[in-house]
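Colleague:
Residue numbers (the numbering used here), protein chains in the order written: chain A, 20 to 167; chain B, 20 to 167.
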């Protein structure tokens, strides 16, 4: 089994997509993450769901639990409003690390190692030109590996 | 809204659970991760799904894509067999980092910051004695924040 056999169509967003729409896409379709592509369908970034949260959590709260605690309950509930009016480009965290992008010929083990290493429950699968052909989720990888 | 309001019952495993059973639990119930508890229901570890992969991917493949590539397709498909006969304790990766464990009174923003910081799509919620009372998933947090 190769990445091309496991890959399924997956919704994408662009840098100009509204950040709130991107968050809604993730939540409404129960996606494990988001794939951000350029105009040529090349993955620019893959954001695991937990990192989509980073788009919305104020930077001063991200690394200091004590600072998140001082925001009262009513305002804490509304933290995603911070995305309102912004694009994905404006919210995207810096990313210099390896992206979970695999070649069509990657094996199940390569996909598993890639997801473990990048901590991403989602890997983009690209063709020889780097264009997105689909995505493999951790769930579908596990289902295959366990023959469910 | 507080962690105690969002927390739902969540299956747990122990250090003595068979590792393969733990992987199956994750896959069959579509869980975002696993909560490992001690005999007093205190969370010892929380493994995001991607880190459950770490239990099975041979260490030499984890950090070097080239080494994962040399394993042939037929053997790559069977990588989870490596878990056979082992317990969770024998497979557990070293973890000195912060665990995604929240107090019952944590707000939605605290939970979001915790999940973003620990890169875990799952947070354990504990009582004053550190005993598990439930779990909050990224999905349910997003649904609440977006009022879905």
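Using N, Cα and C, we set each Cβ at its ideal position, and we do this for glycine too.
If you measure between the beta carbons of residue 119(A) and residue 141(A), is that distance less than 8 Å?
Modeller: yes
Colleague: Taking the alpha carbon of residue 33(B) as the reference point, which residue from 41(B), 27(B) and 26(B) has its own alpha carbon closest?
Modeller: 41(B)
Colleague: Can you pull the chain A neighbours of residue 76(B), defined as C-beta to C-beta under 8 Å?
Modeller: Neighbours of residue 76(B) on chain A, chain order: 128, 131, 132 and 135.
Colleague: Residue range of the beta strand (DSSP E) that residue 171(B) falls in?
Modeller: Past the boundaries of the shown model lies residue 171(B); chain B is included only from 20 to 167, so the question cannot be answered.
Colleague: Answer with yes or no whether the minimum CB distance from residue 29(A) to chain B is below 8 Å.
Modeller: For residue 29(A), the closest Cβ of chain B is not nearer than 8 Å.
Colleague: Where residue 170(B) and residue 98(A) are concerned, what is the direct C-alpha to C-alpha distance, given to the nearest angstrom?
Modeller: With chain B running from 20 to 167 in the structure shown, residue 170(B) is simply not present.
Colleague: With a threshold of 8 Å between beta-carbons, can residue 92(A) be considered close to chain B, or not?
Modeller: yes
Colleague: Under 8 Å between C-beta atoms, does residue 37(A) make it to chain B?
Modeller: no
Colleague: Does the structure place the segment 80 to 97 of chain B close enough to the segment 121 to 135 of chain A that three or more beta carbon pairs sit under 8 Å?
Modeller: yes
Colleague: What did DSSP end up calling residue 156(B) once you bin it into helix, strand or coil?
Modeller: strand
Colleague: Based on Cα-Cα distance, which residue from 38(A), 160(A) and 60(A) lies nearest to residue 125(A)?
Modeller: 160(A)
Colleague: Compare the C-beta of residue 105(B) with all C-beta atoms of chain A and state if any pair is closer than 8 Å.
Modeller: Not one beta carbon of chain A lies nearer than 8 Å to the beta carbon of residue 105(B).
Colleague: Does DSSP put residue 162(A) in a helix, in a strand, or in coil?
Modeller: Helix.
Colleague: Below 9 Å between beta carbons is the criterion; list the residues of the segment 51 to 72 of chain A that meet it against any residue of chain B, in chain order.
Modeller: Of all residues in the segment 51 to 72 of chain A, the ones placed with a Cβ closer than 9 Å to any Cβ belonging to chain B are 51, 67, 68, 69, 70, 71 and 72, in chain order.
Colleague: Using the DSSP secondary-structure output, state which residues sit across from residue 53(A) in a beta bridge.
Modeller: Answer is 66(A), bridged to residue 53(A).
Colleague: Answer yes or no: do residue 121(A) and residue 22(A) have a C-beta to C-beta separation smaller than 8 Å?
Modeller: It is a contact, given that the beta carbons lie within the stated cut-off.
Colleague: What in chain A is Cβ-close to residue 24(B), meaning under 7 Å?
Modeller: Those do not exist, as residue 24(B) stays about 10 Å from chain A at its closest Cβ, beyond 7 Å.
Colleague: Where does residue 96(B) sit, in a helix, a strand or coil, going by DSSP?
Modeller: DSSP, read as helix, strand or coil, puts residue 96(B) in helix.
Colleague: Give me the Cβ distance between residue 66(B) and residue 53(B), rounded to the nearest whole Å; I'm assuming they're in contact under 8 Å.
Modeller: 5 Å
Colleague: Does chain B have any CB closer than 8 Å to the CB of residue 151(A)?
Modeller: no
Colleague: What does a CB cutoff of less than 8 Å around residue 57(B) pick up in its chain, not counting 5 residues either side in sequence?
Modeller: 33, 34 and 63
Colleague: Can you have a look at residue 116(A) and say buried or exposed, based on whether 16 or more other CB atoms are within 10 angstroms of its CB?
Modeller: exposed
Colleague: Between 84(B), 106(B), 25(B) and 89(B), which lies nearest to residue 71(B) when the distance is taken from Cα to Cα?
Modeller: 106(B)
Colleague: Alpha carbon to alpha carbon, how far is residue 26(A) from residue 146(A)? Give it in angstroms, no decimals.
Modeller: 12 Å
Colleague: Would you kindly report the start and end of the unbroken beta strand (DSSP E) that includes residue 83(A)?
Modeller: Premise fails: residue 83(A) is in no beta strand (DSSP E) and is neither H nor E.
Colleague: By the three-class DSSP mapping on this structure, what secondary structure does residue 21(A) have?
Modeller: Three-state DSSP puts residue 21(A) in a strand.
Colleague: Return the residue from the list 73(B), 69(B) and 143(B) that minimises the CA-CA distance to residue 158(A).
Modeller: Ranking 73(B), 69(B) and 143(B) by Cα distance to residue 158(A) puts 69(B) first.
Colleague: Exposed or buried, which one is residue 85(B) when buried takes at least 16 other CB atoms within 10 Å?
Modeller: exposed
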